[in-house]
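> What follows is a structure written as structure tokens; I'll ask about it next.
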Amino acid sequence: MHVLRPLYVVLAIAGIILIARTFFVPEDFGIQESGYMYGWYRKANEGEWRALKPKYQGQEYCRDCHGEQEKQVRSSRHNLIECENCHGPARGHPDDPQKLTLDRSRELCLRCHTYLPYPTSKRSEIKGIQPDQHNPGGECADCHNPHQASKPK
Amino acid sequence: MKLALGGSAALALTHGLNEIFRPVALHAASRPVRWVFLVDTYKCIGCGFCVKACKLENEIPFDAAVSRTWVERYVVTKEGWVFADTPKEARYGFTTSRVELGQGRHKDISRDMIDKAFFVPKLCNQCEKPPCVQVCPVGATYQTAEGVVLVDRKWCIGCGYCIMACPYGMRFFHPVHHVAEKCNFCYHRIAQKMKPACVLACPVGARRIGNIKDPGDSVANTIMTQRVSVHKPEYGTNPQVYYLGLSEEVR
Chain A
791 MHVLRPLYVV
801 LAIAGIILIA
811 RTFFVPEDFG
821 IQESGYMYGW
831 YRKANEGEWR
841 ALKPKYQGQE
851 YCRDCHGEQE
861 KQVRSSRHNL
871 IECENCHGPA
881 RGHPDDPQKL
891 TLDRSRELCL
901 RCHTYLPYPT
911 SKRSEIKGIQ
921 PDQHNPGGEC
931 ADCHNPHQAS
941 KPK
Chain B
8 MKLALGGSAA
18 LALTHGLNEI
28 FRPVALHAAS
38 RPVRWVFLVD
48 TYKCIGCGFC
58 VKACKLENEI
68 PFDAAVSRTW
78 VERYVVTKEG
88 WVFADTPKEA
98 RYGFTTSRVE
108 LGQGRHKDIS
118 RDMIDKAFFV
128 PKLCNQCEKP
138 PCVQVCPVGA
148 TYQTAEGVVL
158 VDRKWCIGCG
168 YCIMACPYGM
178 RFFHPVHHVA
188 EKCNFCYHRI
198 AQKMKPACVL
208 ACPVGARRIG
218 NIKDPGDSVA
228 NTIMTQRVSV
238 HKPEYGTNPQ
248 VYYLGLSEEV
258 R
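Chains A and B, in that order, give the protein sequences. Positions in the first sequence are counted from 1; adding 790 to them yields the working numbering. Positions in the second sequence are counted from 1; adding 7 to them yields the working numbering.
This is the structure we're talking about:
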């Protein structure tokens with residue numbers, strides 16, 4: 791029955807592919823908890839993502855050594871702001887890096903303190919300035935202490 | 008020799024078949040954790056600290072024009088015009104009242120022209136039925152048991168189907184790894200009970216994460232009992248980032 795030969799070829803190729811995939815596809819690749827449609831993957835990848843080290847540590851981490859500054863900030867209206875928002879992510883500090891990348895630029899302050907007159911947003915309730923009228927070009931930190939925001943130096 | 012070879016081939020063949028046609032595995036396991044997100048647009052002040060934190064935490068090159076999360080500004084004028092922009096994904100926040108119109112053009116809209124204006128943070132919706140996962144031809148993107156959609160960087164072939172499939176435009180090519188990239192609620196952080204970087208960085212509590220399966224969770228409680236909405240429900244993706252104060256102008 792030579793007319794069936796192409797069929798044998800197709801079956802043989804399918805068989806070879808199935809045999810090959812047992813050797814090439816990792817043990818943990820297959821259908822996982824989320825089911826066939828959304829959970830067809832290599833299970834070990836979850837662990838690879840989990841193993842990444844967090845960079846932002848949070849205020850509690852800073853408090854251990856910088857308690858005084860933390861207390862100062864906490865008594866001001868800037869107590870809402872995480873240390874690392876301005877000082878940079880703290881992972882590895884103080885060993886490596888010994889110094890964090892502190893952003894004390896005018897632009898950083900303007901993130902919140904450019905006055906925007908938006909009636910349905912909390913933004914308009916924040917004390918703000920018109921950047922092109924309030925000491926343009928000057929550094930905010932020259933007059934204002936970021937840790938004690940309400941009091942000018 | 009011949010017999011052994013034939014035997015192992017047969018074993019491998021049945022193993023391969025079993026992998027593909029295993030009906031038991033089609034039933035998803037019940038989940039003790041399902042991560043959801045709650046964004047309060049009333050609280051957002053457009054400082055962009057979330058975008059900064061996200062980029063640094065997840066090593067997305069800071070000056071690249073892509074981000075896992077961004078903040079949009081909507082300004083609706085009294086004449087009914089809607090202006091929306093997200094200058095540099097708001098990685099430096101919103102520091103001017105001039106709204107970007109694209110192609111280097113700007114528009115300054117004065118207070119007495121504005122009916123309403125607000126900020127909308129955007130991030131991956133971790134859809135219950137993620138279209139980006141469905142289209143992946145190699146099984147490189149998937150939904151974990153906790154409902155978070157991840158990308159396997161070793162498995163991704165960079166075909167870009169998922170980037171086209173996401174109705175929210177959340178996916179992009181990672182400029183360094185050259186594979187599909189997306190927000191994953193900082194999976195490495197929530198796995199060890201830390202907040203996602205954007206949630207930590209938000210000074211006003213506009214971004215919160217919670218477990219919808221936990222009845223004691225305040226975020227879950229808000230979603231179940233308050234009036235919340237989601238982006239583009241008409242796509243049937245069942246998004247799991249809920250918004251308070253979403254407006255019809257938001258796309």
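Here a beta-carbon is modelled for each residue, glycine too, at the ideal position from N, C-alpha and C. Computed from a prediction, not measured in an experiment: that's the story for all the values here.
Just to confirm the assignment, what range does the beta strand (DSSP E) spanning Y99/B have?
Element bounds for Y99/B: n/a, residue is neither H nor E.
> In whole angstroms, what is the alpha-carbon distance linking R867/A and Q938/A?
Rounded to the nearest angstrom, the two C-alpha atoms are 8 Å apart.
> Could you name the residues of chain A that M201/B contacts, counting a contact when the two beta carbons are closer than 7 Å?
Near M201/B (Cβ distances below 7 Å), the residues of chain A are P844.
> Report all residues from its chain with a CB closer than 7 Å to the CB of T84/B; omit the five preceding and five following residues, and keep chain order.
For T84/B, where only same-chain residues beyond five positions count, the Cβ hits under 7 Å are I116, M120, I121 and D122.
> Unbroken alpha helix (DSSP H) runs of length 4 or more, entirely within the stretch 206-243 of chain B: which are they?
Correct list: 225-232.
> Shortest alpha-carbon distance to G100/B belongs to which of V43/B, F126/B and V248/B?
Ranking the options by Cα distance to G100/B, first place goes to F126/B.
> Assign Q920/A to one of three DSSP states: helix, strand, or coil.
If DSSP states are grouped into helix, strand and coil, Q920/A belongs with coil.
> Determine the contact status of R913/A and I52/B, defining contact as a CB-CB distance below 7 Å.
Yes; because the gap between Cβ atoms is below 7 Å, this pair is in contact.
> Count Cβ pairs between the stretch 134-148 of chain B and the stretch 821-840 of chain A that sit closer than 8 Å; are there 3 or more?
Contact between the stretch 134-148 of chain B and the stretch 821-840 of chain A is present, because at least three Cβ pairs lie under 8 Å.
> Run through DSSP, which three-state label would A36/B get?
Because the pLDDT at A36/B is just 49, under 50, the model does not fix this residue reliably, and the value given afterwards should be weighed accordingly. Reduced to three states, the DSSP call for A36/B is coil.
> Give the range of the beta strand (DSSP E) segment to which L259/B is assigned.
Because chain B spans 8 through 258 in this model, residue 259/B falls outside it and cannot be assessed.
> Which residues in the same chain as L108/B place their Cβ atom closer than 7 Å to its Cβ, once the five residues preceding and following it in sequence are excluded?
Same-chain partners within the cutoff: K114.
> Just how far apart, CA to CA, sit C873/A and C855/A?
Taking the straight line joining both Cα atoms gives about 13 Å.
> Would the stretch 237-248 of chain B and the stretch 64-71 of chain B be scored as touching if the rule is three or more Cβ pairs under 8 Å?
No, they do not touch.
> Leaving out the 5 sequence neighbours to the left and right, which residues in its chain are closer than 6 Å to K59/B when beta-carbon positions are compared?
Contacts found: R98.
> May I ask you to list the residues that DSSP assigns as paired with A124/B?
A124/B pairs with V82/B.
> Per DSSP, what kind of secondary structure is R258/B in: helix, strand or coil?
Coil at R258/B, not helix or strand.
> Between which two residues does the alpha helix (DSSP H) carrying F90/B extend?
Careful: F90/B lies outside any alpha helix (DSSP H), inside the beta strand (DSSP E) at V89 to D92.
> Within 7 Å (strictly less), CB to CB, does I164/B reach chain A?
I164/B does not count as touching chain A.
> In the structure shown, what three-state DSSP assignment does Q862/A receive?
DSSP places Q862/A in helix when its eight states are reduced to three.
> Apply the 10 Å Cβ neighbour rule to P94/B and answer buried if 16 or more other Cβ atoms are within range, or exposed otherwise.
Under this definition P94/B is a buried residue.
> Going by CA-CA distance only, name the one from L10/B, R41/B and L12/B that's closest to V248/B.
Measuring from the Cα of V248/B, the nearest candidate turns out to be R41/B.
> Along the chain, where does the alpha helix (DSSP H) containing L801/A start, and where does it finish?
Run containing L801/A: R795 to F814, per the alpha helix (DSSP H) assignment.
> By Cβ distance, which residues of its chain are closer than 8 Å to P174/B, with the 5 residues on each side in sequence left out?
Result list for P174/B: P138, K239, Y242 and T244, in chain order.
> Using C-beta distances below 6 Å, list every residue in its chain close to D159/B, excluding the 5 sequence neighbours before and after it, in chain order.
Excluding positions up to five away in sequence, the list reads A147.
> State yes or no: is the C-beta of F813/A within less than 7 Å of the C-beta of R832/A?
Their beta carbons are not under 7 Å apart, which means F813/A does not touch R832/A by this criterion.
> Using DSSP's beta-bridge definition, name the partner residues of R112/B.
Per DSSP, G109/B.
> So I916/A contacts chain B; which residues on that side make the cut at Cβ distance below 8 Å?
Simply I52.
> Among F44/B, T48/B and R178/B, which has the Cα closest to the Cα of Y168/B?
Here the closest residue by C-alpha is R178/B.
> What does a CB cutoff of less than 7 Å around P210/B pick up in its chain, not counting 5 residues either side in sequence?
Once the five neighbours on either side are set aside, the close Cβ partners of P210/B are C54 and F56.
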